[in-house]
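Just below is one structure, and these are the notes that go with it.
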Amino acid sequence: MPSYRITLLPGDGIGPEITAVARSLLEAVGPHHGISFDVCEAPVGGAGHDAEGDPLPTETLKRCRDADAVLLAAIGGYEYDNLPQRQRPESGLLRLRAGMDLFANLRPVRILPVLVEASSLKRSLIEAVDLVVVRELTGGIYFGEPRGRITTPAGERGFNTMTYSDQEVDRIAAVGFRLAAERAGRLCSVDKANVLEVSQLWRERVNTMAAAHPDVAVSHMYVDNAAMQLLRNPRQFDVLLTGNLFGDILSDAAAMLSGSIGMLPSASLGSDGPGLFEPIHGSAPDIAGKDLANPLAMVLSAAMMLRVGLGQEEAATDLERAVEQVLLAGFRTADLMAEGCTQLGCKAMGEQLLVALEGVWQA
Ligand code: IPM
Ligand code: MG
Numbered sequence: 006m007p008s009y010r011i012t013l014l015p016g017d018g019i020g021p022e023i024t025a026v027a028r029s030l031l032e033a034v035g036p037h038h039g040i041s042f043d044v045c046e047a048p049v050g051g052a053g054h055d056a057e058g059d060p061l062p063t064e065t066l067k068r069c070r071d072a073d074a075v076l077l078a079a080i081g082g083y084e085y086d087n088l089p090q091r092q093r094p095e096s097g098l099l100r101l102r103a104g105m106d107l108f109a110n111l112r113p114v115r116i117l118p119v120l121v122e123a124s125s126l127k128r129s130l131i132e133a134v135d136l137v138v139v140r141e142l143t144g145g146i147y148f149g150e151p152r153g154r155i156t157t158p159a160g161e162r163g164f165n166t167m168t169y170s171d172q173e174v175d176r177i178a179a180v181g182f183r184l185a186a187e188r189a190g191r192l193c194s195v196d197k198a199n200v201l202e203v204s205q206l207w208r209e210r211v212n213t214m215a216a217a218h219p220d221v222a223v224s225h226m227y228v229d230n231a232a233m234q235l236l237r238n239p240r241q242f243d244v245l246l247t248g249n250l251f252g253d254i255l256s257d258a259a260a261m262l263s264g265s266i267g268m269l270p271s272a273s274l275g276s277d278g279p280g281l282f283e284p285i286h287g288s289a290p291d292i293a294g295k296d297l298a299n300p301l302a303m304v305l306s307a308a309m310m311l312r313v314g315l316g317q318e319e320a321a322t323d324l325e326r327a328v329e330q331v332l333l334a335g336f337r338t339a340d341l342m343a344e345g346c347t348q349l350g351c352k353a354m355g356e357q358l359l360v361a362l363e364g365v366w367q368a
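All letters in the sequence shown, in the order written, are residues 6 to 368 by the working numbering.
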């Protein structure tokens with residue numbers, strides 16, 4: 006019986022609540038497929054800061070590297086907002102991504118038919134949207150040097166550097182091309198090559214790779230236009246390939262196509278070693294501890310972990326079906342609440358998911 010070592014990182018805010026739901030579903034789905042999980046939890050973000058004075062404790066990084074896969078909920082909270090940059094929860098997450106060399110972040114956006122009405126866009130625009138943002142995750146302006154703040158005679162100045170090497174572009178572009186070839190065969194590379202040298206290099210490298218991939222139709226789009234096109238006609242996209250900062254922004258915009266940012270999972274992958282799976286939403290400190298959180302993106306992240314990280318396709322599909330079933334049955338957390346539906350808290354949603362999972366097995 007395959008046994009997988011899973012490192013669970015509940016993090017901050019609503020993180021522990023949605024982690025508990027995901028954990029109970031993993032523990033239910035595993036035995037049904039002859040899989041067992043050896044789960045260990047470790048603190049990261051604000052929780053790491055509170056426990057060890059470090060948003061990425063050494064032991065946490067080690068447990069992540071030693072795992073078969075890592076499942077992270079969310080990090081961040083108001084009480085950490087005024088800490089020095091290195092102590093902030095966000096820098097723990099960035100160091101974790103860098104420390105595990107997770108350069109490729111995949112953020113799929115698929116619209117569940119049952120949630121079409123939850124989107125702020127018209128049904129006719131978002132029906133059948135099925136795209137993936139491939140975001141470079143360990144380079145670009147998030148990590149570029151020099152960076153910092155200085156005081157000059159003229160006043161204060163803050164600065165960051167957007168930088169990519171040809172190898173960094175090549176390795177993320179290769180992920181985008183591979184994925185596009187497996188999907189609808191369309192790759193749109195997003196940059197700001199009309200202004201930035203770093204984007205001009207990016208575009209050249211993507212074009213070089215395009216020549217070797219006649220099976221993929223490549224296009225380029227400036228990031229401002231891409232933001233507009235996501236809202237104007239999202240169905241035109243299959244794979245969106247982009248850098249760290251642009252991908253951060255575009256993936257939030259793309260998330261809203263699905264009605265709630267509380268629905269979207271993501272995978273962060275390196276060239277080998279364990280992947281890290283996490284919902285794309287944040288820690289929602291305003292609703293933390295109130296049993297209001299939507300655990301569905303976390304459950305879908307666990308499904309993505311099963312499929313992409315562990316190769317357990319059937320168990321992954323079971324979790325996805327359970328999510329669809331609870332929605333079809335009319336259960337909603339507050340963020341998705343609609344007329345005629347039944348509003349549930351995070352815990353009760355977890356219980357309904359377990360019921361739905363049984364239903365999936367009986368069907
Ligand atoms: C994300 C988040 C992070 C990012 C923050 C929390 C550092 O917004 O995963 O999209 O900017 O990458
Ligand atoms: Mg973001």
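C-beta: ideal position from N, C-alpha, C; glycine also.
Which residue marks the beginning of the alpha helix (DSSP H) containing A27, and which one marks its end?
G20 to H37
In or out: Q317 buried (at least 16 other Cβ within 10 Å) or exposed?
buried
In chain order, what residues of the same chain have a beta carbon less than 7 Å from the beta carbon of G4, not counting five sequence neighbours either side?
Because the chain is modelled from 6 through 368, residue 4 falls outside the range shown and cannot be assessed.
Using a threshold of 9 Å, state whether the C-beta atoms of E283 and A79 are closer than that.
yes
Tell me, which residues are paired with P7 by DSSP?
Answer is none; P7 lacks a bridge partner.
Beta-carbon gap between A74 and I23 smaller than 9 Å
no
Distance CB(A361)-CB(V328) smaller than 9 Å
yes
Three-state secondary structure (DSSP) at V221?
coil
Using a Cβ-Cβ cut-off of 7 Å (strictly less than) and excluding sequence neighbours within five positions of N249, which residues of its own chain qualify?
R140, E141, L142, G144, G145, I146 and Y147
Whether A14 touches V49 by CB criterion (9 Å)
This sequence places Leu at residue 14; Ala is not what is there. Taking 9 Å as the Cβ cut-off, L14 and V49 qualify as a contacting pair.
Closer than 8 Å to a non-hydrogen atom of ligand 1 - does that hold for the CB of D253?
yes
So L31 and A307 are in contact, right, with Cβ under 8 Å, and what is the actual spacing, rounded?
6 Å
Per-residue burial, Q90 [other beta carbons within 10 Å of its own, 16 or more giving buried]
exposed
Length of the line joining the Cα atoms of S204 and N212
12 Å
Can you tell me where the beta strand (DSSP E) with L76 in it begins and where it stops?
A74 to A79
N110, buried or exposed, once every other Cβ within 10 Å from all chains shown has been counted against 16
buried
Report the residue ranges of all beta strand (DSSP E) runs contained in full by the segment 286-329; include only those spanning at least 3 residues, in chain order.
none
According to DSSP, simplified to helix, strand and coil, what is M233?
helix
Among A320, L358, P60 and F251, which has the Cα closest to the Cα of I40?
A320
What I want to know is whether the C-beta of S256 ends up closer than 8 Å to one or more non-hydrogen atoms of ligand 2.
yes
E209, buried or exposed, once every other Cβ within 10 Å from all chains shown has been counted against 16
exposed
Segments of 3+ residues assigned as beta strand (DSSP E) that fall wholly inside the segment 46-109
74-79
Close beta carbons around L305, own chain, < 8 Å, minus the five adjacent residues each side
M268, L269, P270, P284, L324, E325 and V328
Could you confirm whether any beta carbon from chain C is found closer than 9 Å to the beta carbon of E319?
Among the protein chains of the structure shown there is no chain C, as only one such chain exists.
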